[in-house]
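Below: the structure, in structure tokens.
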Amino acid sequence: MTAIADFITGLPKAELHLHIEGSLDPELAFDMAWRNGVQLGHPSIEALRAAYAFRNLQEFLDLYYQCMKVLRREQDFFDLTWAYLSKARDQGVRHAEIFFDPQAHTARGVTFDAVIEGIWAALRQAEAEWGLSSRLILCFLRHLDEASAFATLEESRPWRHCIAAVGLDSSEVGHPPSKFTRVFAKARAEGLPAVAHAGEEGPPAYVREALDLLQAVRIDHGNRALEDDDLVRRLVAAKIPLTVCPLSNLRLCVVDDLIHHPLKRMLDLGLMATVNSDDPAYFGGYVADNYLAVHKALGLGRGDLIRLARNSFEASFLDPAAKGRLMAEVDAYAAAWPVISPSGS
Ligand code: ADE
Ligand code: ZN
1 MTAIADFITG LPKAELHLHI EGSLDPELAF DMAWRNGVQL GHPSIEALRA AYAFRNLQEF
61 LDLYYQCMKV LRREQDFFDL TWAYLSKARD QGVRHAEIFF DPQAHTARGV TFDAVIEGIW
121 AALRQAEAEW GLSSRLILCF LRHLDEASAF ATLEESRPWR HCIAAVGLDS SEVGHPPSKF
181 TRVFAKARAE GLPAVAHAGE EGPPAYVREA LDLLQAVRID HGNRALEDDD LVRRLVAAKI
241 PLTVCPLSNL RLCVVDDLIH HPLKRMLDLG LMATVNSDDP AYFGGYVADN YLAVHKALGL
301 GRGDLIRLAR NSFEASFLDP AAKGRLMAEV DAYAAAWPVI SPSGS
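First residue of the sequence shown: 1, per this note's numbering; consecutive thereafter.
This is the structure in structure tokens:
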């Protein structure tokens, strides 16, 4: 590894945009398919990996929902989450805020309990063994209707002590945040803050709706907010974090080349951008791989990388004392590293 890659790997960081089902890699998918007697749509690991060529979000989602059919039992959700946390830990993740899509499982007859008990047990074990803290964010699938989201919110009631926030994901265009205003109002009244995917493929108006109607405290992606100067000023003034996912944006053709990725522009505009992996099994890298990719493509320097790591804790749902402790760890880590030459070697 180059010095800069070592620096990035060890940099203490939080991951705030990670779909646990998107960390299902082909090897684990085939293991689970075999042990659960489920047929995957592709004959081999190689064939499945070869299908990872997406022209847009929907093409990815079609495969994502197909592969997650191998997740059937509590143990599967434990193993999936444990595998992610192990990789995240190796990439310097000290805190993870993890999305899960209960409707994608309950619709197949898997119980809400099996999903959350498996995920939750792995989260608790990672905190006990490694000090890797976490939060769980229940996402509503926006291509489904409001009634299904309400039913899911209700189903989560026995598990509210495990759920830090609600989110909104899946097919964006044609499913604006306004479709879920009432569900998010109910969740908020019950103490659950909101985050929402917006501005990945959808227009800046969807980012505005996420803020105004869902009262989102964080925007997932947010790339297209940059098309609207007033909206950018608002996001900067309100310090609304953006959970940006560079390799995802590349693989889903949100950007045509990483050298055109807006992350550097976001930072220069004063936005609280963070770097995350989204669905790392599908998009070619975990969180440190994303930092390294934007370092290479955009020339993000040591100061930018440190700022992104600090932002990741600042933008989290951690309490102020924990944020302060982890940001101080970032500063101490950076201070202990010799300044790296521009070549990164
Ligand atoms: N679900 C999993 N990954 C997603 C993404 N990048 N956008 C919207 N929904 C998703
Ligand atoms: Zn996402």
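For glycine and all other residues, C-beta sits at the position ideal for the given N, C-alpha and C. The model shown is predicted, which means the values in this text are computed figures rather than measured ones.
Test item: CB-CB of residue i and residue j under 8 Å
i	j	result
Ser248	Thr274	no
Leu141	Ser178	no
Arg224	Pro193	no
Phe112	Glu146	no
Pro373	Met272	As shown, the chain starts at 1 and ends at 345. That puts residue 373 outside it, with no answer to give.
Leu298	Leu263	yes
Ala114	Glu74	yes
Leu40	Ala33	yes
Ile116	Tyr291	no
Ala336	Gln91	no
Ala14	Val93	yes
Arg157	Trp130	no
Ala198	Ile219	yes
Which listed residue (the options) has its alpha carbon closest to that of residue i
i	options	result
Asp331	Arg160, Leu308, Pro320, Ala50	Leu308
Ala216	Asp229, Arg234, Val195	Val195
His19	Gly191, Ala281, Val254, Tyr52	Ala281
His105	Gln66, Ala128, Glu127	Gln66
His175	Ala128, Glu201, Asp228, Ala334	Glu201
Ala149	Asp229, Glu74, Val183	Val183
Thr162	Leu144, Gly191, Lys186	Reading the sequence as shown, one finds Cys at residue 162 and not Thr. For the residues Leu144, Gly191, Lys186, the minimum Cα distance to Cys162 belongs to Gly191.
Ala165	His221, Arg108, Ala205, Asp101	Asp101
Gly167	Ile4, His17, Asp228	His17
His143	Leu57, Arg157, Thr81	Leu57
Leu80	Ile219, Ala29, Arg124, Arg55	Ala29
Ser347	Thr2, Tyr64, Asp229	Since the first residue shown for the chain is 1 and the last is 345, residue 347 is missing from the structure and cannot be characterised.
Arg251	Leu300, Ala322, Leu138, Phe54	Phe54
Glu155	Ala107, Arg124, Val173, Glu172	Ala107
Which of helix, strand or coil DSSP assigns to residue i
i	result
Ser345	Confidence at Ser345 is low in this model, with a pLDDT of 42, below 50, so its placement is unreliable and no value can be given for it.
Glu46	helix
Phe383	What the structure shows of the chain is the stretch from 1 to 345, and residue 383 is not part of that stretch, so it cannot be assessed.
Glu59	helix
Trp133	The sequence given here has Ser at residue 133, not Trp. If DSSP states are grouped into helix, strand and coil, Ser133 belongs with the strands.
Ile8	helix
Ile116	helix
Phe54	coil
Ala164	coil
Lys13	strand
Leu24	coil
Ile259	helix
Ala88	helix
Ile306	helix
Pro320	helix
Ala128	helix
Leu71	coil
C-alpha gap between residue i and residue j, whole angstroms
i	j	result
Leu231	Met266	12 Å
Val38	Lys69	8 Å
Glu329	Pro12	7 Å
Ser345	Ala96	In this prediction, Ser345 scores a pLDDT of 42, lower than 50, which makes its location untrustworthy; the coordinate-derived value is nonetheless stated afterwards. Using only the alpha carbons, I get a separation of about 29 Å.
Cys245	Asn276	5 Å
Gln351	Leu153	One cannot answer for residue 351 here, as it falls past the ends of the chain, which runs 1 to 345.
Arg49	Asp62	14 Å
Ala122	Ile306	29 Å
Ile98	Gly109	22 Å
Leu85	Arg72	20 Å
Val294	Asp278	15 Å
Ala126	Ser133	7 Å
His260	Ala3	25 Å
heavy atom of the ligand SAH below 7 Å from residue i C-beta
i	result
Leu57	For the structure depicted, the ligand SAH is absent and the ligand set comprises only the ligand ADE and the ligand ZN.
| request: Output the residues surrounding the ligand ZN, defined as those with a CB atom closer than 6 Å to any ligand heavy atom, in chain order. | output: His17, His19, Asp169, His197, Asp220, Asp278
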